[in-house]
Amino acid sequence: MLALRHKTTAILVAFAIASSVAAAIIHTTANPFGGFFGLWGPDVSNQQSVGGRFSANSDYTLTQVKIWFMNNSDSLHPAVKITLRTDQTSGSVSIPSNTILAEWNINIQALGWNPVQEIFVSTGGVGLHAGQKYWIVAQSSSSSGANAVWNYASVGNTFSATTLQNGITWQPGGSGAALTLTVEGNPGLPNPADINHDGLVNGNDLAAVLSAWGTCANCPADINQDGQVDGIDLATLLSAWTG
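Going by our numbering, the first residue of the sequence shown is number 6, and it counts up by one from there.
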């Protein structure tokens with residue numbers, strides 16, 4: 006059973022984190038204020054995880070994710086884990102997969118049913134491929150009554166899913182009230198030679214390759230991911246040089 010919280014009046018409070026300007030909006034919804042049902046949304050607790058699905062219409066490099074949360078506690082700031090996941094589709098059933106592309110951990114700022122928009126910045130060069138479905142999932146170990154609430158937008162419908170009461174097993178997703186969610190990114194997929202993900206391939210990336218030279222499994226400087234930082238990676242970096 007979907008656990009919801011609802012309130013009929015709204016107070017706007019400050020944004021959570023100052024954000025950088027993103028090049029493109031991949032997915033967005035309205036904020037939670039002014040809707041017919043007031044403030045409401047699904048609980049995020051040790052009994053329920055919540056996921057919102059989106060898709061990219063072009064290739065992008067993820068820059069940030071924004072979500073509005075309110076709080077069933079007036080004094081505690083519950084911890085929430087946010088993950089970006091691929092989609093798992095079987096027949097007509099679409100749910101979040103166990104493949105995690107990015108992860109953020111916060112204690113939400115909101116106290117009571119006064120929503121705050123939390124902003125999750127991505128600097129890890131995460132690529133979003135055109136036509137692919139992705140999920141933003143919110144999980145928490147907080148107990149019911151002292152948990153975060155993921156606000157629904159004031160208008161609109163999107164595809165979402167919740168877990169069974171164990172907080173792990175996903176129920177089939179479906180279209181319904183839109184979870185507040187904005188996903189932003191820069192056009193184009195990440196350049197693997199841009200090791201520090203600053204948008205340039207230059208001396209900083211060259212230094213990263215040289216300092217990691219040799220056997221280096223799962224190193225960012227191992228551009229071709231063969232377990233060695235060597236001449237092949239150096240040649241790839243130099244061929245992508247932007248200065």
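By construction, the Cβ of each residue, glycine as well, lies at the ideal position given by its N, Cα and C atoms.
Item: Whose C-alpha, out of Gly56, Tyr157, Thr185 and Gly40, is nearest the C-alpha of Pro101?; Value: Gly56
Item: Would a C-beta distance cut-off of 9 Å place Lys138 and Glu108 closer than the cut-off?; Value: no
Item: Is it true that the CB of Thr66 sits closer than 9 Å to the CB of Asn229?; Value: no
Item: Going by DSSP, which residues form a beta bridge with His32?; Value: Val188
Item: Looking only at its chain, what residues have a beta carbon closer than 6 Å to the beta carbon of His202, apart from the 5 residues adjacent to it on each side?; Value: Thr128 and Gly130
Item: Tell me the DSSP secondary structure of Ala27 in three-state form.; Value: Any answer about Ala27 is weak, because its pLDDT of 42 lies below 50 and its placement is not dependable; what the coordinates show is given next. Note: Ala27 maps to coil in three-state DSSP.
Item: DSSP state of Thr68, grouped into three classes?; Value: strand
Item: If I measure Cβ to Cβ from Ser180 and keep anything under 6 Å in the same chain, skipping five residues before and after, which residues do I get?; Value: Asn162 and Phe164
Item: Runs of 3 residues minimum, wholly inside the segment 83 to 124: which ones carry the beta strand (DSSP E) assignment?; Value: 84 to 95 and 98 to 112
Item: According to DSSP, which residues form a beta bridge with Gln233?; Value: Thr220
Item: Is the number of C-beta pairs between the segment 110 to 129 and the segment 61 to 79 that are closer than 8 Å three or more?; Value: yes
Item: Applying the 10 Å Cβ sphere with the 16-neighbour rule, what's the burial state of Gly170?; Value: For the sequence presented, residue 170 should be read as Gln rather than Gly. Its Cβ having fewer than 16 others within 10 Å, Gln170 is exposed.
Item: Go through its chain and collect everything with a Cβ distance to Ala35's Cβ below 8 Å, but skip five positions before and after it.; Value: Ala158, Ser159, Val160, Gly161, Ala183 and Thr185
Item: On the three-state DSSP scale, how would you describe Ser60?; Value: strand
Item: In the DSSP assignment, what are the bridge partners of Ile141?; Value: Gly57 and Leu89
Item: Let's see if you can read the secondary structure: which residues bound the beta strand (DSSP E) around Asn162?; Value: Tyr157 to Thr167
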